[in-house]
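Residue numbers (our numbering): 154 to 340.
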């Protein structure tokens with residue numbers, strides 16, 4: 154009896170493994186030479202593409218602090234709208250690098266407008282892929298001030314901050330992950 158149960162378990166594991174391999178070997182037109190940051194999805198709403206920029210952030214553990222800030226600023230509905238938007242999304246390390254206590258202060262209801270201004274400085278209207286960026290380009294943000302793009306070899310810099318992961322496409326725009334929180338002039 155015990156050996157029969159063991160065989161059933163092994164058979165189940167093998168079947169699941171084969172099913173997983175078969176699912177991964179489907180005809181996806183993969184050229185085999187792109188990385189996750191280079192991959193773009195052509196059709197909006199495909200199974201592998203997040204519904205919107207907020208859903209993309211929510212699905213990325215390293216953007217959990219950004220999700221918390223977007224929620225505190227009441228920007229979830231706006232950024233879940235039709236867009237399209239380009240978001241330069243600060244990762245968790247970017248928020249940790251803020252001076253001690255600054256993030257906690259920004260998340261307080263009394264500082265909501267400042268938080269909205271800072272987060273809106275990370276968002277531009279329209280979908281701007283990394284391949285669309287040019288050296289010296291100015292990108293107007295929802296906050297009102299411009300971001301400046303610098304191309305340095307193979308790197309894209311936004312206000313001097315490197316884009317760590319580019320071109321995360323969503324149903325309403327694109328997300329580029331950066332390693333610092335961008336502070337708008339005068340904030």
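Glycine included, each C-beta is placed from N, C-alpha and C at the ideal position. Quick caveat, the model's predicted, so the values are computed rather than measured.
Beta strand (DSSP E) segment containing residue i, residue limits
| i | result |
| --- | --- |
| residue 227 | First-last for residue 227: undefined, no H or E at that position. |
| residue 265 | Not the beta strand (DSSP E): residue 265 falls in the alpha helix (DSSP H), residues 265-273. |
| residue 304 | 299-305 |
| residue 277 | 276-278 |
| residue 330 | 326-331 |
Residue i versus the options, residue with shortest Cα-Cα distance
| i | options | result |
| --- | --- | --- |
| residue 293 | 209, 312, 246 | 312 |
| residue 283 | 322, 274, 266 | 322 |
| residue 203 | 336, 337, 335, 324 | 324 |
| residue 332 | 212, 291, 247 | 247 |
| residue 223 | 238, 268, 295, 296 | 268 |
| residue 276 | 219, 259, 215 | 219 |
| residue 315 | 226, 264, 241, 215 | 241 |
| residue 318 | 330, 307, 326 | 330 |
| residue 235 | 298, 207, 306 | 207 |
Per-residue DSSP class, three states only, for residue i
| i | result |
| --- | --- |
| residue 310 | strand |
| residue 320 | strand |
| residue 191 | Because the pLDDT of residue 191 is 37, which lies under 50, any placement of that residue in the model is unreliable, and the question is left without a value. |
| residue 207 | helix |
| residue 220 | helix |
| residue 293 | strand |
Check: residue i C-beta below 6 Å from any heavy atom of the ligand ATP
| i | result |
| --- | --- |
| residue 261 | With respect to the ligand ATP, the structure offers nothing, as it holds no ligand at all. |
Counted within 10 angstroms of its Cβ, other Cβ atoms place residue i as buried (16 or more) or exposed
| i | result |
| --- | --- |
| residue 287 | exposed |
| residue 266 | exposed |
| residue 335 | buried |
| residue 337 | buried |
| residue 273 | buried |
| residue 270 | buried |
| residue 159 | Confidence in residue 159 is poor, its pLDDT being 32 and thus under 50, which makes the residue's placement unreliable; the coordinate value appears in the next sentence. Exposed, because fewer than 16 other Cβ atoms sit within 10 Å of the Cβ of residue 159. |
| residue 212 | exposed |
| residue 320 | buried |
| residue 226 | buried |
| residue 307 | exposed |
| residue 279 | exposed |
| residue 209 | buried |
N- and C-terminal bounds of the alpha helix (DSSP H) containing residue i
| i | result |
| --- | --- |
| residue 249 | 245-249 |
| residue 340 | Careful: residue 340 lies outside any alpha helix (DSSP H) and carries neither H nor E. |
| residue 257 | 255-259 |
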